[in-house]
Amino acid sequence: MTFASDVYEILIVLWVYMFIYNISLFTLFFTLFQLTNLETKTLFSFADLGSSNLFTKILSLTMLSMAGVPPLWGFFTKILIFVVLANSNFFFLFVPFFTVLMVSLYFYMQNLRFLNSTHLTDFVTISDLQVRITPSYYVFIFASLFFIIFGSFFTEDLFLLFYWLLV
């Protein structure tokens with residue numbers, strides 16, 4: 168009976184983790200789709216945005232959350248997975264999860280390095296970029312950024328919601 172409750176608890180934690188990760192991923196791609204510049208083909212093209220641009224800050228926050236950097240929401244979900252694995256005695260999953268965590272952290276940090284590596288000579292103003300900003304973009308982005316930054320206060324409520332939906 169203990170094994171079944173452990174698996175049930177792990178499934179709830181993984182669903183919450185995937186929900187939070189998908190919110191961050193949707194925020195990332197929704198921001199990228201707002202840029203309709205046809206010359207943006209590689210990561211080096213994002214250097215045209217400039218490090219003080221709103222899009223760059225949104226992309227940086229979402230990538231940091233997806234990488235699991237504290238105090239953002241993605242960090243707390245990854246810690247919760249480690250805690251559940253330790254409580255469930257699934258110690259053999261520590262090594263693969265930690266390896267995947269470090270590889271993804273390296274990947275996101277490299278993307279952030281390319282995103283924020285701008286030179287003043289290459290700086291393009293926001294009016295030169297082809298940008299389409301819809302009102303739904305602002306509503307979703309500011310709501311999701313609020314939860315990415317302050318989501319650790321709502322994590323327990325999210326677990327209760329998923330538990331209620333499953334029972």
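Position 37 (the sequence shown) corresponds to 204 in the numbering used here; numbering is contiguous. Note that the Cβ used here is the ideal one computed from N, Cα and C, for glycine as well.
Query, Result
"Distance, residue 260 Cα to residue 332 Cα", "27 Å"
"Cβ pair residue 244, residue 174 closer than 8 Å", "no"
"Segment contact flag, the region 268-284 with the region 221-241, C-beta cutoff 8 Å, min 3 pairs", "yes"
"Counted within 10 angstroms of its Cβ, other Cβ atoms place residue 314 as buried (16 or more) or exposed", "buried"
"Cβ distance (whole Å) where residue 283 is taken to contact residue 223 below 8 Å", "7 Å"
"Option nearest residue 305 by Cα separation, candidates 188, 221, 247", "221"
"Residue range of the unbroken alpha helix (DSSP H) whose run includes residue 229", "221-234"
"Selected residue, minimal CA-CA separation from residue 310, among 225, 230, 279", "225"
"Sequence-distant residues of the same chain with beta carbon closer than 8 Å to residue 179, five excluded per side", "326, 329, 330, 333"
"6 Å Cβ shell around residue 190 - same chain, five flanking residues per side excluded", "311"
"Residue 262 beta carbon less than 8 Å from that of residue 177", "no"
"With 16 other Cβ atoms within 10 Å as the buried cut-off, status of residue 168", "Residue placement at residue 168 cannot be trusted, given a pLDDT of 41 that sits under 50; what the coordinates show is reported in the next sentence. Exposed."
"Entirely enclosed beta strand (DSSP E) segments - the region 300-324, minimum 3 residues", "none"
"8 Å Cβ cutoff, residue 198 in contact with chain D", "Although the question refers to chain D, the structure presented lacks it and comprises just one protein chain."
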